[in-house]
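**Student:** Structure incoming, see below.
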């Protein structure tokens, strides 16, 4: 059965002690990539400032800042023993492919040749001539998919193992999460396995920063799960969080929560992490999961914000067998009325939100999204992604010794309109086939976080949680 959601309650004991070098860590990780705001700020928010009740307009419109971020579970972060310096030397070798060997006989995983990112060019010469690099849409292989075969090493990151440890990555992840003071967070790939759970550390640190929320583990033997967090000063939980199984055969779940914004309007916020895999079978499964997700959302008849790693893109991409993978999920979502905040502001999706540096290949694409459902959610600004050249400056790509995940946070400023501003038609335009089917019941009783540090069984009410 699906694990019950774990509540984090305001007023819980804060993490004892702060990192001695917290300021240095924040400066280091937030300066890795230059990201600028795109869109119309309406004069209401400065860079990095959090929205607040005072940002409400005379018409009752209220602005919120939302973040979707896959933080890379430690249980899924395997290293192939790569070293940035050795990889950089290997990257310059003619043709690329295979592994590089450093002094002492240690083998380091090689990166794809630079020509992969300068189509129709000689790679390094193109970079010197000022030609702009492009992120791969899907896979970028060293020599082709046949190099990997069934080798488990294809699931290794090139990033050195020491840099993948959670204790090293969390201060950097925390800095990225809090850098722009979001009001809402949807996090994916939290380690929630009993033996390796980092939920307590994550929620204690974020509670100290003014947030509360809930998390839930995926089904079966999965080691990770998803979390929703919201700023206590702006949102109050209405009722218990909802858990939805997205298919009978997979481990994937979604976590939803009704929230009241600024003691005024009600919205639904959802986070999920759809099935991975850049092949047709995985895309078919993701579409089934997306259909179930929207059926569940439709039952609430509320303006809905989905903060998710969808593991798919709106455009065709190069799949894991070097065949073109045609999108099925995004055409369905668009037809159902979903609007990507990034595309709504910029006019097109980001070229990538994820750029993993794996053994023998890179994988990049716009996999992470803030999706708005209903006419009362209006995207206004988004944080741009880095330039491709910025990521290419790291032979390990993402993650690397300075950047803690293979994903970048998607951050958007969204206006929440009062009901009268949208003619009272929250759900109009995103009704889904089969949505009137009664959802299956929530499995498992929620658990609340006890002040003493353990998980306490019991029914969690949204009253008074902030």
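Residue numbers (our numbering): 12 to 477. Every residue gets a Cβ at the ideal spot worked out from N, C-alpha and C, and that includes glycine.
Which one of 43, 167, 327 and 196 has the shortest CA to CA distance from residue 340?
**Tutor:** Looking at the Cα atoms, 327 is the closest of the given residues.
**Student:** Just to confirm, are residue 410 and residue 174 a CB contact at a threshold of 8 Å?
**Tutor:** Closer than 8 Å, so yes.
**Student:** Who are the near neighbours of residue 354 in its chain, counting only those whose CB is closer than 8 Å to its CB and skipping five residues on each side?
**Tutor:** The residues are 325 and 360.
**Student:** In three-state terms, what does DSSP make of residue 175?
**Tutor:** Helix.
**Student:** Kindly indicate which residue of 83, 215, 382 and 344 has the alpha-carbon position closest to the one of residue 391.
**Tutor:** Ranking the options by Cα distance to residue 391, first place goes to 382.
**Student:** Quick one: any contact between the region 288–296 and the region 305–314, if contact means 3 or more CB pairs under 8 Å?
**Tutor:** Verdict: no, contact absent.
**Student:** Quickly, what does DSSP pair residue 152 with across the bridge? List them, please.
**Tutor:** Answer by DSSP bridge pairing, in chain order: 372.
**Student:** Taking the straight line between their C-alpha atoms, what separation do you get for residue 263 and residue 239?
**Tutor:** Going from the Cα of residue 263 to the Cα of residue 239 covers about 15 Å.
**Student:** Answer yes or no: do residue 201 and residue 209 have a C-beta to C-beta separation smaller than 8 Å?
**Tutor:** In this structure, residue 209 lies closer than 8 Å to residue 201 by Cβ.
**Student:** Using three-state DSSP, classify residue 452 as helix, strand or coil.
**Tutor:** Because the pLDDT of residue 452 is 42, which lies under 50, any placement of that residue in the model is unreliable, and the number read from its coordinates should be weighed accordingly. Reduced to three states, the DSSP call for residue 452 is coil.
**Student:** Tell me the rounded alpha-carbon separation between residue 307 and residue 75.
**Tutor:** Each residue's alpha carbon lies about 23 Å from the other.
**Student:** Is the beta carbon of residue 87 sitting closer than 8 Å to the one on residue 323?
**Tutor:** It is not a contact, given that the beta carbons lie outside the stated cut-off.
**Student:** Is it true that the CB of residue 363 sits closer than 8 Å to the CB of residue 77?
**Tutor:** Taking 8 Å as the Cβ cut-off, residue 77 and residue 363 do not qualify as a contacting pair.
**Student:** If distances are taken between C-alpha atoms only, which option among 50, 45, 73 and 151 comes closest to residue 334?
**Tutor:** With distances taken between Cα atoms, residue 334 lies closest to 151.
**Student:** Counting C-beta neighbours from all protein chains within 10 Å, is the total for residue 475 16 or more, i.e. buried, or is it exposed?
**Tutor:** With a pLDDT of only 30 at residue 475, under the threshold of 50, the placement of this residue in the model should not be trusted, and no figure is reported.
**Student:** Can you find the residues in the same chain that come closer than 6 Å, C-beta to C-beta, to residue 276, ignoring five residues on each side of it along the sequence?
**Tutor:** These residues qualify, in order along the chain: 427.
**Student:** Which runs of the beta strand (DSSP E), 3 residues or longer, sit entirely within the region 330–407?
**Tutor:** Complete beta strand (DSSP E) runs here, min 3: 365–369, 372–376, 379–384 and 388–394.
**Student:** In the DSSP assignment, find the unbroken alpha helix (DSSP H) run with residue 247 in it and report its ends.
**Tutor:** That residue, residue 247, is in no alpha helix (DSSP H); its beta strand (DSSP E) goes 246–248.
**Student:** Determine the burial state of residue 251: buried for a count of at least 16 other Cβ atoms within 10 Å of its Cβ, exposed for fewer.
**Tutor:** So residue 251 ends up on the buried side.
**Student:** Suppose you measure from the CA of residue 305 to the CA of residue 49; what does that come to, to the nearest Å?
**Tutor:** About 28 Å.
**Student:** By DSSP's criteria, residue 271 is part of a beta bridge. Which residues make up the other side?
**Tutor:** 247 and 277.
**Student:** Taking all protein chains shown into account, do 16 or more other C-beta atoms lie within 10 angstroms of the C-beta of residue 127, making it buried, or fewer, making it exposed?
**Tutor:** With 16 or more Cβ atoms within 10 Å of its Cβ, residue 127 is classed as buried.
**Student:** Please name the residue in 423, 289, 248 and 290 whose C-alpha comes closest to that of residue 271.
**Tutor:** Closest option to residue 271, Cα to Cα, is 248.
**Student:** Are the beta-carbon atoms of residue 197 and residue 79 separated by less than 8 Å?
**Tutor:** Yes; because the gap between Cβ atoms is below 8 Å, this pair is in contact.
**Student:** Considering only the alpha carbon of each residue, which of 177, 347, 429 and 408 lies closest to residue 124?
**Tutor:** Ranking 177, 347, 429 and 408 by Cα distance to residue 124 puts 408 first.
**Student:** For the alpha helix (DSSP H) containing residue 145, list its first residue and its last residue.
**Tutor:** No alpha helix (DSSP H) holds residue 145; DSSP gives it neither H nor E.
**Student:** Going by other Cβ atoms of all chains shown within 10 Å of its Cβ, with 16 needed for buried, is residue 431 buried or exposed?
**Tutor:** Result: exposed.
**Student:** Would you kindly report the start and end of the unbroken beta strand (DSSP E) that includes residue 216?
**Tutor:** No beta strand (DSSP E) holds residue 216; the alpha helix (DSSP H) holding it covers 210–219.
**Student:** With 16 as the cutoff for other CB atoms within 10 Å, does residue 231 come out buried or exposed?
**Tutor:** Burial call: exposed.
**Student:** If I measure Cβ to Cβ from residue 394 and keep anything under 8 Å in the same chain, skipping five residues before and after, which residues do I get?
**Tutor:** Taken in chain order, the residues that qualify are 46, 47, 48, 49, 191, 420, 421, 422 and 423.
**Student:** If you draw a straight line from the C-alpha of residue 73 to the C-alpha of residue 321, how long is it?
**Tutor:** If I take the Cα positions, the gap works out to 27 Å.
**Student:** What are the boundary residues of the alpha helix (DSSP H) that includes residue 297?
**Tutor:** Residues 291–309.
**Student:** Beta-carbon within less than 8 Å of residue 330's beta-carbon, same chain only, minus the 5 sequence neighbours each way: which residues are those?
**Tutor:** The residues are 149, 150, 289, 290, 291 and 336.
**Student:** Please report the residue range of the beta strand (DSSP E) in which residue 231 lies.
**Tutor:** Careful: residue 231 lies outside any beta strand (DSSP E) and carries neither H nor E.
**Student:** To the nearest angstrom, how far is the alpha carbon of residue 402 from that of residue 274?
**Tutor:** Near 42 Å, if we compare the C-alpha coordinates of residue 274 and residue 402.
**Student:** Is the Cβ-Cβ distance between residue 281 and residue 265 less than 8 Å?
**Tutor:** Taking 8 Å as the Cβ cut-off, residue 281 and residue 265 qualify as a contacting pair.
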